[in-house]
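Chains as they are written, first to last, in my numbering: chain V, 265 to 425; chain U, 265 to 425; chain Y, 265 to 425. Following: one structure in C-alpha cells, then a few remarks.
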Amino acid sequence: MAKIEAKLQRMGLYLPAPLEVPGGLTLPFKPVVVRGNTVYIAGHAPQEPDGSISKPFGKVGAELTAEQGYEMAKKVGLSMLGDLARELGDLDRISGWCHALGMVNVAPGFSSTTPVINGFSELIVELFGPQKGAHSRSAVGVAVLPFDISVEIEAVLQIDG
Amino acid sequence: MAKIEAKLQRMGLYLPAPLEVPGGLTLPFKPVVVRGNTVYIAGHAPQEPDGSISKPFGKVGAELTAEQGYEMAKKVGLSMLGDLARELGDLDRISGWCHALGMVNVAPGFSSTTPVINGFSELIVELFGPQKGAHSRSAVGVAVLPFDISVEIEAVLQIDG
Amino acid sequence: MAKIEAKLQRMGLYLPAPLEVPGGLTLPFKPVVVRGNTVYIAGHAPQEPDGSISKPFGKVGAELTAEQGYEMAKKVGLSMLGDLARELGDLDRISGWCHALGMVNVAPGFSSTTPVINGFSELIVELFGPQKGAHSRSAVGVAVLPFDISVEIEAVLQIDG
C-alpha cells in the first residue's frame, strides 16, 4: 500500500467519498487541477467519510468553539486528500506542499483563526513530514462561507515531474 | 481571427476597454503579470464595454440579488479577458486555467456565493472547453471590496512555453 | 553589500527580526517556502525592527486611519523581506514578484482597501524596479485577521533557477 495512505490508516483516519453536493447546485470547476508539476486545490469543506459536509454549520466563536474549528480544519485536510488521491492515483506522488489559504467563518470579534487552521497544517506536516509537508499559509476570518460551513481551505502543491 | 475572440463574438460578448480608474486613485500593480509559463491575474472588477466599472455597486443579498451577482461574476471574467488579450496579444496562447479565488461582497446572512461565482466559471469553461477551461476555485464572502463593487475575482493560468 | 539591502539602507528602512510569536501559539507552517523557482510567502503581519507585531491593532476605518493602514501595509512588506532574506540568503536572488493578496481588517463601511495596500505595492516597486517589482494584486476587506492585526498580505514570487 502507498506510504501516505498506510500512514492515514495507522492514524485511524479516512479518505472521504466524493463531495455530496448540496441540492440542485452546479459546481462548474474541479476540486483538483494538475498543470505541469503544480497542483491547484479548490477551496474544500470539512467532510465526513460518506462524502457529506461535516456538521455543525455556522460561525466559529458562535455556533462552533475554536476546538471544533480545529477539528473542522483537519477534516478539510482529509477532504482535500480524498480528492487528491482520486486525481493523482497515489498521494505519494506529492513532492511538496506549497501554500494554503485558510478561511474561517467567524463570529464578530473572534480572531483566533491561527489555532483553528492549525488543525489542517498539523495534519499535513504529520503525514508528509517536515520537508514535503512544509507550506506557507494565511489564516483569515471571512464574512461568510458557502453553505455556511465553518472552515474552507484552498492550497497549492507540487508533484514529481 | 483568433479562436477564442471569434467565439466571444459569436456569443455576443465584448472585451472591455482598459479599466477607467476611479478618481485620483493610483494602482501601483499590473492587471496581468507573466512569469515564465504562469500568468497571475489581479483581482478584477465587473466591467462594461467602455471600461467603466459595472453598476450597481453594493452587497449581494442587499443591493444586488444572487442573479445580478451571477451577471457581475461573468463581467469580471470579461474584464480579465480584456486585460489578458492586451497583455498576451492573443487569448489562444492560454493553454490552461489553473485557479480562481472568487470574493463576493456579501450582506449579512447571504451564503449563496457558489452560484454567484458560477457566472465566472461557466463563462471560462464555455469559452475554453473542459480541458483548458478546467480550474479549481474558491467562492467566499468578504466584508468589503474596493469601491464597494459586488464581486472580485483573481486567477492564475498557464500559457504555452 | 547586496543591491536590494543597500537600497533599503539608503531608504532608511530595516529588515525586522524573526516574528515574536504571541504567547503560547504554535505556527506549524513556514513564513517562506521555496519549491523549484517559485517562492510562496505566508500571510505576514506588520512588524517592528525588534520582531514584534506593529501597534496599534484593530480595524482600518475605526482604530486606524487609512494613512495608518498604508504604513502598516508597508511594514508587512518589510516583514516579508526580513523572512525572504533569511530564507534566500540574498534578496537579489529574486527575479520577479508575481502576485500579492492584500487583506485589510475593515470597519463596517470602509472600502478604501486599494490605497491601504498601496503601502506594500509601492515599496516593492520602488525597491525592485518596474520589471522585477511588477506584481498582480487583490486588496480586499476581511471580517477579522489573526491577533486583530490591521493588514495581512500573502504573496508569490520567483527566483533565478
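Cβ atoms here follow ideal geometry from the backbone N, Cα and C, with glycine treated the same way. Note that the structure is a prediction, hence the values are computed from the model and not measured.
Which of the three DSSP states, helix, strand or coil, is assigned to S376/U? Locating residue 376/U in the second sequence gives position 112, where the first residue counts as 1. Three-state result, S376/U: coil.
Quick one: does T290/V have its CB under 8 Å from some CB of chain Y? Reading the first sequence from its first residue, position 26 is the one you call residue 290/V. By this cut-off, T290/V is not an interface position.
For M344/U, does the three-state DSSP call read helix, strand or coil? What you label residue 344/U is simply residue 80 of the second sequence in a count that begins at 1. Here M344/U sits in helix by DSSP.
Quick one: residues in its chain with C-beta nearer than 7 Å to the C-beta of R357/U, no 5 flanking neighbours on either side, listed in chain order? Residue numbering aside, residue 357/U sits at position 93 when the second sequence is read from its first letter. Counting only residues of its own chain and dropping the five nearest sequence neighbours on each side, R357/U has a CB closer than 7 Å to the CB of I423 and D424.
Closer than 8 Å, Cβ to any Cβ of chain U: which residues of the stretch 273 to 304 of chain V, in chain order? Taking 8 Å as the Cβ-Cβ cut-off against chain U, the residues of the stretch 273 to 304 of chain V that qualify are L289, T290, L291, P292, F293, K294, P295, V296, V297, R299, G300, T302 and Y304.
I think L365/U touches I417/U, with their Cβ atoms under 8 Å apart; what is that distance to the nearest whole Å? In the second sequence, the residue the question calls residue 365/U occupies position 101. In the second sequence, the residue the question calls residue 417/U occupies position 153. With 8 Å as the limit, L365/U and I417/U qualify as a contact, their Cβ atoms being about 7 Å apart.
Return no unless some Cβ of chain Y is closer than 8 Å to the Cβ of P410/U. Working through the second sequence from its first residue, we reach residue 410/U at position 146. Yes, its Cβ sits closer than 8 Å to a Cβ of chain Y.
Look up S402/Y in the DSSP assignment and give the residues it is bridged to. Translated into the one-based positions of the third sequence, residue 402/Y becomes position 138. Its beta-bridge partners are L365/Y.
Is L421/U helix, strand or coil by DSSP? In the second sequence, the residue the question calls residue 421/U occupies position 157. The answer is strand: DSSP assigns L421/U an E or B state.
So V406/Y contacts chain C; which residues on that side make the cut at Cβ distance below 8 Å? The question asks about chain C, but that chain is absent: this structure's protein chains are V, U and Y.
Alpha helix (DSSP H) segment containing I305/Y, residue limits: The residue labelled residue 305/Y in the question sits at position 41 within the third sequence. That residue, I305/Y, is in no alpha helix (DSSP H); its beta strand (DSSP E) goes T302 to H308.
Please list, in chain order, all residues of the same chain as P280/Y whose beta carbon is under 7 Å from its beta carbon, the five residues on each side excluded. The sequence position of residue 280/Y within the third sequence is 16, counting from 1. Cβ within range, chain order: Q311, E312, P313, G315, L342, S343 and G346.
From the DSSP output, in three-state form, read off G360/V for me. In the first sequence, the residue the question calls residue 360/V occupies position 96. In this structure, G360/V counts as strand in the three-state DSSP scheme.
Counting C-beta neighbours from all protein chains within 10 Å, is the total for M336/V 16 or more, i.e. buried, or is it exposed? Position 72 of the first sequence, counted from the first residue, corresponds to residue 336/V. Burial call: buried.
The beta strand (DSSP E) that contains V285/V, what's its start and end? Position 21 of the first sequence, counted from the start, is the residue given in the question as residue 285/V. Per DSSP, V285/V belongs to no beta strand (DSSP E) and is neither H nor E.
Based on DSSP bridge pairs, tell me the residues matched to I317/Y. Locating residue 317/Y in the third sequence gives position 53, where the first residue counts as 1. Answer by DSSP bridge pairing, in chain order: Q311/Y.
Residue range of the beta strand (DSSP E) that includes V408/V: Position 144 of the first sequence, counted from the start, is the residue given in the question as residue 408/V. Taken as a continuous stretch (DSSP letters only), V408/V belongs to no beta strand (DSSP E), as it is neither H nor E.
Integer-rounded CB distance, given that T377/V should sit under 8 Å from G405/V: Position 141 of the first sequence holds residue 405/V. Position 113 of the first sequence holds residue 377/V. Right, the Cβ-Cβ distance comes to about 5 Å (below 8 Å), so this counts as a contact.
Along the stretch 374 to 401 of chain V, what residues have a CB closer than 8 Å to any CB found in chain Y? Listed by position, the residues of the stretch 374 to 401 of chain V near chain Y (Cβ gap below 8 Å) are F374, S375, S376, T377, T378, P379, N382, S385, E386, V389, A398, H399, S400 and R401.
Whole-angstrom Cβ separation of A371/Y and G325/Y, contact assumed at under 8 Å? Numbered from its first residue, the third sequence carries residue 371/Y at position 107. Numbered from its first residue, the third sequence carries residue 325/Y at position 61. Going by Cβ atoms, the distance from A371/Y to G325/Y rounds to 3 Å, so yes, they are a contact pair.
Once you ignore the five residues that flank N369/Y on each side, which residues in its own chain have a CB closer than 6 Å to its CB? Looking up residue 369/Y in the third sequence gives position 105. Non-local C-beta neighbours of N369/Y in its own chain, meaning closer than 6 Å and more than five positions away in sequence, comprise K323, L409 and S414, ordered along the chain.
For A266/Y and V380/V, what's the separation of their Cα atoms in angstroms? Residue mapping note: residue 266/Y aligns to position 2 of the third sequence, counting from 1. Residue mapping note: residue 380/V aligns to position 116 of the first sequence, counting from 1. Distance between the alpha carbons of A266/Y and V380/V is about 39 Å.
List the residues of chain V that M344/Y touches, going by C-beta distances under 8 Å, in chain order. Here residue 344/Y is taken as the residue at index 80 of the third sequence, counted from 1. The premise fails here: M344/Y is roughly 11 Å from chain V at the closest Cβ pair, so nothing lies under 8 Å.
Do you know how far the Cα of G373/U is from the Cα of L387/U? Within the second sequence, numbered from 1, the residue matching residue 387/U stands at position 123. Within the second sequence, numbered from 1, the residue matching residue 373/U stands at position 109. Taking the straight line from one Cα to the other gives about 27 Å.
Please classify L277/Y: does DSSP put it in a helix, a strand, or coil? Translated into the one-based positions of the third sequence, residue 277/Y becomes position 13. If DSSP states are grouped into helix, strand and coil, L277/Y belongs with coil.
Rounded to the nearest angstrom, what separates P292/Y and P286/Y at their Cα positions? Counting from one through the third sequence, the residue named residue 292/Y turns up at place 28. Counting from one through the third sequence, the residue named residue 286/Y turns up at place 22. Going by the C-alpha atoms only, they are around 14 Å apart.
Name the DSSP beta bridge partners of R299/Y, please? Against the third sequence, residue 299/Y aligns to sequence position 35. T302/Y, per the DSSP bridge assignment.
Assuming K294/Y and S400/V form a contact by the criterion Cβ under 8 Å, report the distance between their Cβ atoms to the nearest whole angstrom. Along the third sequence, one-based indexing puts residue 294/Y at 30. Along the first sequence, one-based indexing puts residue 400/V at 136. Going by Cβ atoms, the distance from K294/Y to S400/V rounds to 6 Å, so yes, they are a contact pair.
Looking at the C-beta of A309/V, does it have a partner C-beta in chain U at a distance below 8 Å? As a position in the first sequence, residue 309/V is number 45, starting the count at 1. No, its Cβ sits nowhere closer than 8 Å to a Cβ of chain U.
E269/V, DSSP secondary structure in three states: Here residue 269/V refers to the residue found at position 5 of the first sequence. Helix, per DSSP.
Relative to chain Y, which residues along the stretch 334 to 364 of chain V have a C-beta separation below 9 Å, given in chain order? Taking a C-beta cut-off of 9 Å against chain Y, the contacting residues of the stretch 334 to 364 of chain V are S359, G360, W361, C362, H363 and A364, listed in chain order.
Q422/Y versus chain U: which residues are under 9 Å apart at the beta carbon? Counted from its first residue, the third sequence places residue 422/Y at position 158. Result: R299, G300 and T302.
What does the Cβ neighbour count give for A270/Y, buried or exposed, with the cut at 16 atoms within 10 Å? Start at 1 with the first residue of the third sequence, and residue 270/Y comes out as number 6. Flag for A270/Y reads exposed.
Excluding the 5 residues flanking E327/Y on each side, which residues of the same chain have their C-beta closer than 6 Å to its C-beta? Reading the third sequence from its first residue, position 63 is the one you call residue 327/Y. Contacts found: P320.
Helix, strand or coil for E351/Y per DSSP? Working through the third sequence from its first residue, we reach residue 351/Y at position 87. Three-state result, E351/Y: helix.
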